[in-house]
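Take -11 as the starting number for the sequence shown in my numbering and just add one per residue.
Think of the CB as a built atom: it goes at the ideal place given N, C-alpha and C, for glycine as much as any other residue.
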Amino acid sequence: MGVRFGLLSICFMQISLSESACKLQGLFTSPALSQDGDIIIGGVFTLHYKGAVPVLSYDRVPKTPGCVSFFLRAFRWAQGMLFAIEEINRDSTLLPNVTLGYRILDSCSNPPGALRAALTALNGRDPFISDWRCAGGSPVAAVIGCSGSTQSITIARLLGSFGIPQISYFSSCACLSNKHEYPTFFRTIPSDYFQVKAWVKVVKHFGWTWLGAFGSDDAYGQYGIQSFLKEVEDINSCVAFAEYFPAVYTKEKILRHVDLIKETQVKVILVFATEIDMYMLVNELVEQNVTGIVWLASESWSTAGLLSTKEKFGVLGGLLGLGIQRANLEGFKEFLVRIHPSQQPGNVYVKEFWETTFDCLYETPNVTENSDSQFPVRKCTGLEDLRSVENIYTDVTQLRVTYNTYKGVYAVAHALHNMMFCETGLHNQTCSGIRDINPWEVTQTLKQVKFKTPTGEEVQFDQNGDPLPSYDIINWQLDQHGRVQYVDIGYYDGSAPEGQELVINKDAIIWNGGQKKVIKSVCSESCPPGSRKASREGQPICCFDCIPCAQGEISNQTDSIDCIKCPWDYWPNSEKTACFPKQMEFLSFGEIMGSALTALGIFGACLTLFVTAVFFRFRSTPVVRANNSEISFLLLVALVFCFLCPLLFVGEPSPWSCMVKHAAFGIIFVLCVACVLGKTFVVLMAFRSTLPGSNTMKWFGPVQQRFTILLFASIQIMICALWLGISPPFPQKNASLFNDKIILECNLGSVTAFCCVLGYIGVLAVMCFIFAFLARKLPDSFNEAKYITFSMLIFCAVWIAFIPAYVSSPGKYTVAVEIFAILSSSFAVLLCIFAPKCYIILLKPEKNTKRNIMGRSNIKRN
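See below:
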């Protein structure tokens, strides 16, 4: 309420109570384009894009604020309103027998000027008006305007206080959709809410993640940029800077904006501003030759003739802009060029338009005393031909804002028609006559109006007073004549289903510099698959480093935030983009090491069989019979199994092989060492029994020897049986040793049992070594103690070295070490014990006689 009373006080503060009529002081008077009619429609346009602020002094009445820099484009918008009114007045079906009039005023592109224009329109055309008009309703049924959102907000608060409808043709701020704040506001341009949605879709479509943003320092720029900053976060794009153009530009501020563009190295910049705001910045960019940037132009300057020139194309070429819907208005070009100062001799706007268009000056230049342009060198004659002019005013190829103005007038006309012919749909409402029309009724009727323009487009307003959201996506391209063309390369339809709103023809786009390839704009290059993003401290999320995935992890997408750990039995490929099953590794027969060890074991077994055959062939000879041939044959059989035992270790582990190989190894080796121990002990006892009165050998006959060997082997069998019964070995997949492969191995089950098996073998081997060492100096021809000593020495050395090698060897090499220890110790026993005897049997048969053995013995004993 406080706002309304304040506006009312402004409206009537200049009424002189001492006079019989209301008088508007100079503060509220301004030139106007006007025409009388039965119903008046007001219009507020930015006919000048600068306001000249007068010098204020307390000692004299301030002058009326002036306007400078005539705006040809806005003058064409105003002509669109006049064209629509002229069409409606000629139409016999729309508002028959009713003539529309108009009253168009200039806002000077600032809120005070817009408010002054609105107040002037509402209070009538003449400075002196009757008391009843001053005290009664507004002489206008609706107001078309204004262009800037801030100006529209100012007017909307005023008009809303009196229930007067306002239809804007170019104010797109989303804030104006608030019906609580602006109940009588309508517009024919989509809300910036949808424009922001469209830009976010475009940014996502081209993959831009590093952006800049400029906006005008008013409601339009601030709401637009802030909404964009909020929405763009949802697609993980970042805005390097968001700056607002100041109301008063200085060289320092321009240079700061240019330096910001260079320092951040952004390649895509969105601008929510007017062409006037952009003009100074673009000039500086042209001077410094800053190119290679994709400019995203809001609808307010995407078709701006002031900027789309050949001189500025090096900077702005390839621009993408959102254009509001355009149309071709039949007869509009002829309407534009028929204007002439002689037809409206008292209209200062027409004269100023003529002077600006033809760069001339009338003899009485009072209308340009505030102009900031230089005086032309010639005078206007009135004979100039407007048809020969090609400028932004006469260009009817991009009728977008003009078409919005045209639709706004038609919306008011249809609302008035519905009211006058009882088509309003309002309850308990009688048909209104021309003099009975109330502005609030027009507002209510506009909410329900639905019609088709002469161009065939259907027009209606939603509950917020907004039209259906639709934009053309245009691209600035240079034609063969050096003129900038606005080429349609797609569209955005905010009412389309999700995912179908944006349609872009990439092949039709020509980017800055004439290239066809999409310009990239990123703070950091995308992280390829196989790496992840690591944010940089203190910088936006779009600025990051690419870190290769750790061992065992992959990323199969571009710009992955985290790497995925492969399953335990999988491993990444070399690029770390996919997980593959780990290679299963075990000592196999097919590889060189497995084949070599297998061949060596078979060779040892064959060699043992050969020795066995030799001993069997010469079993009756003294050398074979001298050292208990029965134990020798049992030892050779055990050695054959010792050599064949490694075959159980080679190949893929299985439950039966894991249990059998360790038990077989333990039992066979105990049998082998027990035989050697028995031979050693027999040799030792045999020589001790030769002493006078000794009867020792009766306790170490063949039966006792077999029983001893069986006893030693039985103990090992019991240990292995307990091992297999309580905690047997089993195959397992070991993924802890290597990152890229799995070792198939036999888990020992019970390490204690395995140590007992090896420990028992070691105890027997040590005992054998001690006995052989004690008997090493006995006569050589009768015993083999020194050979047994040497064989046990090698045997013990091999197995002592086996323990650290077994523990430290990884994977299949653990099995290879165990096999090597088995073969080495087996060869040590075979060669050390049986090689000397085979040498005598095969190469020195003359020594293989009892006489020779006994003779040598006697000599040594003597």
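Checklist entry - Quick one: what's residue 636 bridged to in DSSP? => result As DSSP reads the structure, residue 636 sits in no beta bridge.
Checklist entry - In its own chain, which residues sit with a C-beta less than 8 Å from the C-beta of residue 189, not counting the 5 before and 5 after it? => result 480, 489, 490
Item to check | Contacts around residue 181, its chain only, beta-carbon distance under 6 Å, and the 5 residues preceding and following it disregarded | outcome: 162
Checklist entry - Within this structure, are the beta carbons of residue 93 and residue 105 separated by less than 8 Å? => result Yes, Cβ-Cβ distance for residue 93 and residue 105 is below 8 Å.
Checklist entry - If residue 447 and residue 130 are in contact, beta carbons under 8 Å, what's the gap, nearest whole angstrom? => result With a Cβ gap of about 15 Å, residue 447 and residue 130 do not count as contacting.
Item to check | Anticipated Cβ contact below 8 Å, residue 821 with residue 606, distance rounded | outcome: That belief does not hold up - the Cβ atoms of residue 821 and residue 606 are roughly 16 Å apart, past 8 Å.
Checklist entry - Grouping DSSP H, G and I as helix and E and B as strand, with all else coil, what is residue 234? => result coil
Next on the checklist: Per the DSSP calculation, residue 440 is bridged to which residue(s)?
Outcome noted: 446
Checklist entry - How would you write the range of the alpha helix (DSSP H) that residue 91 sits in, first residue to last? => result First-last for residue 91: 88 to 94, but that is the beta strand (DSSP E), not the alpha helix (DSSP H).
Checklist entry - Measuring CB to CB, does residue 634 end up less than 8 Å from residue 811? => result yes
Item to check | Delimiting residues of the alpha helix (DSSP H) encompassing residue 453 | outcome: Residue 453 -> no alpha helix (DSSP H), and no H or E assigned at all.
Next on the checklist: residue 723 and residue 570 - do their beta-carbons sit closer together than 8 Å?
Outcome noted: Yes, the Cβ-Cβ distance between residue 570 and residue 723 is below 8 Å.
Item to check | Buried/exposed call for residue 759, threshold 16 Cβ in 10 Å | outcome: With 16 or more neighbouring CB atoms inside 10 Å of its own CB, residue 759 falls in the buried class.
Checklist entry - Three-state secondary structure (DSSP) at residue 711? => result helix
Checklist entry - What are the boundary residues of the beta strand (DSSP E) that residue 193 is part of? => result Premise fails: residue 193 lies in the alpha helix (DSSP H), 180 to 194, not in any beta strand (DSSP E).
Next on the checklist: With DSSP as the reference, identify every bridge partner of residue 520, one or two as the case may be.
Outcome noted: For residue 520, which the question treats as bridged, DSSP gives the partners 535.
Checklist entry - Which residues in the same chain have their Cβ closer than 7 Å to the Cβ of residue 234, if we skip the five residues on either side of it in sequence? => result 205, 241
Next on the checklist: According to DSSP, is residue 165 part of a helix, a strand, or is it coil?
Outcome noted: helix
Item to check | residue 809, buried or exposed, once every other Cβ within 10 Å from all chains shown has been counted against 16 | outcome: Result: buried.
Next on the checklist: Nearer than 7 Å: is that true of the beta carbon of residue 109 relative to any heavy atom of the ligand HEM?
Outcome noted: This structure lacks the ligand HEM, and indeed carries no ligand of any kind.
Next on the checklist: Does the structure place the region 200 to 215 close enough to the region 246 to 263 that three or more beta carbon pairs sit under 8 Å?
Outcome noted: yes
Item to check | Given 8 Å, three or more beta-carbon pairs between the region 275 to 292 and the region 309 to 318 | outcome: yes
Next on the checklist: Taking 6 Å as the limit between beta carbons, can you name the residues of its chain near residue 393, skipping five residues before and five after?
Outcome noted: 65, 68, 69, 157
Item to check | Contacts around residue 573, its chain only, beta-carbon distance under 8 Å, and the 5 residues preceding and following it disregarded | outcome: So the qualifying residues of the chain are 726, 729, 730, 731, 732, 799, 800.
Checklist entry - Under the rule that 16 or more other beta-carbon atoms within 10 Å means buried, what is residue 542, buried or exposed? => result buried
Checklist entry - From the DSSP output, which residues share a beta bridge with residue 226? => result 198
Checklist entry - Taking the alpha-carbon positions, what's the residue 160 to residue 250 distance? => result Rounded to the nearest angstrom, the two C-alpha atoms are 30 Å apart.
Checklist entry - Can you find at least 3 beta carbon pairs, one from the region 272 to 279 and one from the region 217 to 227, that sit closer than 8 Å? => result no
Next on the checklist: Going by beta-carbon coordinates alone, are residue 183 and residue 291 separated by less than 8 Å?
Outcome noted: no
Checklist entry - Using 8 Å as the Cβ pair cut-off and three pairs as the minimum, do the region 529 to 540 and the region 700 to 718 touch? => result no
Checklist entry - Taking Cβ positions, are residue 735 and residue 757 nearer each other than 8 Å? => result no
Checklist entry - Identify the residues that DSSP records as bridge partners of residue 32: which are they? => result Residue 32 pairs with 93.
Next on the checklist: Less than 8 Å between the beta carbons of residue 58 and residue 344, yes or no?
Outcome noted: yes
Checklist entry - Hey, would you say residue 701 sits closer than 8 Å to residue 659, going by beta carbons? => result yes
Item to check | Span separating the alpha-carbon of residue 84 from that of residue 406 | outcome: 12 Å
Item to check | Residue from 598, 640, 647 whose Cα sits closest to the Cα of residue 627 | outcome: Taking the Cα of residue 627 as reference, the smallest distance to any Cα among 598, 640, 647 is reached at 598.
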